[in-house]
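Take 1 as the starting number for the sequence shown in full-length UniProt numbering and just add one per residue.
Yeah, the Cβ is synthetic: ideal placement off N, Cα and C, and Gly gets one too.
The next block holds one structure in the form of structure tokens; read it before the comments.
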Amino acid sequence: MQLLGLTLQSPFVAAPMAGVSGPAFRLMARRAGAAMVYSEMISAPGLLRRQPQTLRLARSLPGERPLVLQLFGADPDQMGRAAALAGDLEADALDVNMGCPAKKVRRPGAGSALLEDPVRAAEIMAAVAENSRLPVSAKIRLGPSRDITEDLVPRLVKAGAQAITLHARTTRQGFGGRADWGAIRRLAAWCPVPVIGNGDVTSGRDAVRMLAETGCAAVMIGRGAMGDPWIFTRALARLEGREPSAVTPAMKRRALAEHLELAKQLGGEGHALHFVRQFMMWYSRGLPGASQFRRAAGPCRELGELWALCDQFFLEPGPAEPQQPEQAA
């Protein structure tokens, strides 16, 4: 399929998630079947000042492209200049964050605060489009507290957006409540550029169902992929009418080991310790003995000690725990 001037192998893409969508996670998602990945949101002022932390968010690894860099900011001029800089990075498209509900992002007027000011949102979109040599898109929510897409989206498209991702929740909802897939369907029915649906996709079945029920061009998967990057492979299998392969503890261990090495390369042992702690919690969900494993891992402060626990757990899962209904499909 074609999206943002790119040929993608499937309609399933990995969402930008703050504190999650770093290079190691993105590469993991690509290896597990994501057709395209997005960076964490990158501050336009931070990029212009070349702050080390911001530049770390903008770096990438071989093998993770196609990659979309997501920018956020409140000032059209800054966003335009940041888009020009971002065009020189290893990326294939740019996205403007107009959906983050976090107060620290909204307070200066960025993220979902832009939903309250469609004129400024369009000015930012125009500045990014005019200054970027890459295709550009926007990720939005329904609105502050109600659906305003009929007013906002035409402005963004006129300003140069070549795709719109709709997280079908309002700012007020945050990440709670239910995503309104009907809003994705309504937008996809008239929007002149491709619509990427986002919200409440926690299984391969969900991803295929969103495509069928909304008519969106692609599905963006976020939290559903955090402990389960293979959701992308399963979604494609479902779409093609194939039965997905099971994900084994050994597969999770192998992925952890590969990305432990990546984390060491990217930020040293301290970064790797944080990485393993974060991902082992996600990967252990639903496995036998997960609760005991997490309790044992909690006090670990040395990478070697923590990895020894991971190594043992993912090769020799403990007694079975009560299982949730299948979400991985």
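Beta-carbon within less than 7 Å of residue i's beta-carbon, same chain only, minus the 5 sequence neighbours each way: which residues are those?
{"i": "Ala-29", "result": "Ala-14, Val-37, Ala-225, Pro-229, Phe-232"}
{"i": "Arg-59", "result": "Pro-23"}
{"i": "Arg-106", "result": "Ser-112, Ala-113"}
{"i": "Gly-174", "result": "Pro-101"}
{"i": "Gly-109", "result": "Ala-74"}
{"i": "Leu-134", "result": "Gly-87, Ala-91, Asp-92, Ala-93, Leu-94"}
{"i": "Arg-178", "result": "Asp-200"}
{"i": "Leu-151", "result": "Correcting the residue type first, residue 151 is Asp in the shown sequence and not Leu. Closer than 7 Å at Cβ, skipping near neighbours: Pro-118."}
Could you have a look at residue i and say whether DSSP puts it in helix, strand or coil?
{"i": "Arg-31", "result": "helix"}
{"i": "Glu-261", "result": "helix"}
{"i": "Thr-248", "result": "coil"}
{"i": "Ser-60", "result": "coil"}
{"i": "Val-20", "result": "coil"}
{"i": "Gln-51", "result": "coil"}
{"i": "Pro-306", "result": "What sits at residue 306 in the sequence shown is Leu, not Pro. Three-state DSSP puts Leu-306 in a helix."}
{"i": "Asp-311", "result": "helix"}
{"i": "Glu-213", "result": "helix"}
{"i": "Arg-238", "result": "helix"}
{"i": "Cys-227", "result": "It is Gly, not Cys, that sits at residue 227 in the sequence shown. Coil, per DSSP."}
What does a CB cutoff of less than 6 Å around residue i pick up in its chain, not counting 5 residues either side in sequence?
{"i": "Ala-263", "result": "Ala-24, His-271, Ala-272, Phe-275"}
{"i": "Pro-66", "result": "Leu-6, Met-36, Asp-92"}
{"i": "Gln-323", "result": "In this predicted model, Gln-323 has a pLDDT of only 38, less than 50, meaning its place in the structure is not dependable; the value taken from the coordinates is given anyway. Nothing meets the Cβ criterion."}
{"i": "Ser-284", "result": "Ala-290, Phe-293"}
{"i": "Cys-300", "result": "Leu-306"}
{"i": "Ala-320", "result": "Summary for Ala-320: the model assigns pLDDT 41, below 50, so the residue's position carries little reliability; its value from the coordinates is reported in the next sentence. Around Ala-320: Pro-288."}
{"i": "Met-17", "result": "Gly-222"}
{"i": "Met-1", "result": "Leu-8, Pro-11"}
Is the Cβ-Cβ distance between residue i and residue j less than 9 Å?
{"i": "Arg-185", "j": "Gly-222", "result": "no"}
{"i": "Leu-236", "j": "Gly-268", "result": "no"}
{"i": "Val-119", "j": "Asp-95", "result": "no"}
{"i": "Leu-8", "j": "Ala-183", "result": "no"}
{"i": "Ala-159", "j": "Glu-123", "result": "yes"}
{"i": "His-167", "j": "Ile-140", "result": "yes"}
{"i": "Asn-97", "j": "Leu-71", "result": "yes"}
{"i": "Ala-83", "j": "Val-157", "result": "no"}
{"i": "Ala-44", "j": "Gly-73", "result": "yes"}
{"i": "Ala-297", "j": "Arg-277", "result": "yes"}
{"i": "Ala-189", "j": "Arg-155", "result": "no"}
{"i": "Thr-171", "j": "Ser-145", "result": "yes"}
{"i": "Glu-40", "j": "Ser-10", "result": "no"}
{"i": "Met-220", "j": "Thr-165", "result": "yes"}
{"i": "Leu-3", "j": "Pro-194", "result": "yes"}
{"i": "Ala-163", "j": "Ala-129", "result": "no"}
{"i": "Arg-238", "j": "Gly-33", "result": "no"}
{"i": "Leu-89", "j": "Gly-99", "result": "no"}
{"i": "Thr-54", "j": "Gly-46", "result": "yes"}
{"i": "Phe-12", "j": "Ala-207", "result": "yes"}
Residues in the same chain with beta-carbon distance under 8 Å from residue i, minus the five sequence neighbours each way, listed in chain order, please.
{"i": "Ala-250", "result": "Phe-314, Leu-315"}
{"i": "Asp-77", "result": "Ala-127"}
{"i": "Trp-181", "result": "Ala-168, Gly-197, Gly-199, Asp-200, Met-210, Glu-213, Thr-214"}
{"i": "Leu-48", "result": "Gln-78, Arg-81, Ala-82, Leu-85"}
{"i": "Cys-191", "result": "Val-153, Val-157, Ile-164"}
{"i": "Leu-256", "result": "Val-276, Phe-279, Met-280, Tyr-283, Cys-310, Phe-314"}
What residues are listed by DSSP as bridge partners for residue i?
{"i": "Val-219", "result": "Phe-12, Gly-197"}
{"i": "Leu-69", "result": "Leu-94"}
{"i": "Ser-43", "result": "Phe-72"}
{"i": "Leu-3", "result": "Leu-6"}
{"i": "Val-37", "result": "Ala-14, Leu-67"}
Would you say residue i touches the ligand NAD, meaning its beta carbon is less than 8 Å from a heavy atom?
{"i": "Asp-75", "result": "Of the ligands one can find in the structure shown there are none, so the ligand NAD has no counterpart to examine."}
Looking at chain C, is there any beta carbon in it that lies within less than 9 Å of the beta carbon of residue i?
{"i": "Val-105", "result": "Absence of chain C from the displayed structure is noted, only one protein chain being present."}
| message | Going residue by residue through the stretch 124 to 152, where are the continuous beta strand (DSSP E) segments of at least 3 residues, counting only ones entirely within it? | response | 136 to 141
| What are the start and end residues of each continuous alpha helix (DSSP H) run of 4 or more residues lying completely inside the stretch 155 to 206, in chain order? | Fully enclosed alpha helix (DSSP H) runs of 4 or longer: 181 to 190.
| request: Let me know the beta strand (DSSP E) ranges lying completely inside the stretch 77 to 122, each 3 residues or longer, listed in chain order. | output: 93 to 98
| query | Taking only runs of the alpha helix (DSSP H) that begin and end inside the stretch 268 to 308, which ones reach a length of at least 4 residues, in chain order? | reply | 290 to 297
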